[in-house]
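A.B. asks: This note's numbering numbers the first residue of the sequence shown as -18 and each following residue consecutively. Using N, Cα and C, we set each Cβ at its ideal position, and we do this for glycine too. My questions all concern the structure below.
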Amino acid sequence: MAHLSEAAVAQITEICDRYVDEKTPLMMILSDIQKEYGYIPLEVQELVSEKTGISVAEIYGVVTFYSFFSLQPKGKYVIGCCLGTACYVKGAQQVIDKFSEIIGIKP
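Right, here's the structure in full:
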């Protein structure tokens, strides 16, 4: 989605227009875009900013704060592994390394 097609611009505009009467529409807009495209790249954030008047910095902050939003497309299946202190001490990195070895991908 490096360059937004006319169809994508129209669809994102329609999503933004759905929430024009909402007091705080950003989460709903981003959620709908994430559902539709699977991620929210910078080009889309800039378009949302243009359509809503919300700064790109604020939109980017929301997208990067919440783990359910993504800046890049993800695969069909997402494998998560806790890296909190307790999990890490108990061998979380070894679990990640083994998954990587078995599946043949890098995290």
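Give me, in chain order, the residues of the same chain whose beta-carbon lies closer than 8 Å to that of I14; leave out the 5 immediate sequence neighbours on both sides.
C.D. replies: Spatial neighbours of I14 in its own chain (CB-CB distance under 8 Å, excluding positions within 5 residues in sequence) are listed in chain order as I(-7), I(-4), I21, V25, V29.
A.B. asks: Less than 8 Å between the C-beta atoms of G23 and F50, yes or no?
C.D. replies: It is worth fixing the name first, because residue 23 is Leu in this sequence and not Gly. Not a contact, by the Cβ cut-off of 8 Å.
A.B. asks: Using the rule of at least 16 other Cβ atoms within 10 Å of the residue's Cβ for burial, across every protein chain shown, is V44 buried or exposed?
C.D. replies: buried
A.B. asks: What are the boundary residues of the alpha helix (DSSP H) that T(-6) is part of?
C.D. replies: Taken as a continuous stretch (DSSP letters only), the alpha helix (DSSP H) holding T(-6) covers -13 to -1.
A.B. asks: Which residues bound the alpha helix (DSSP H) around C62?
C.D. replies: Segment: none, C62 is in no alpha helix (DSSP H) and carries neither H nor E.
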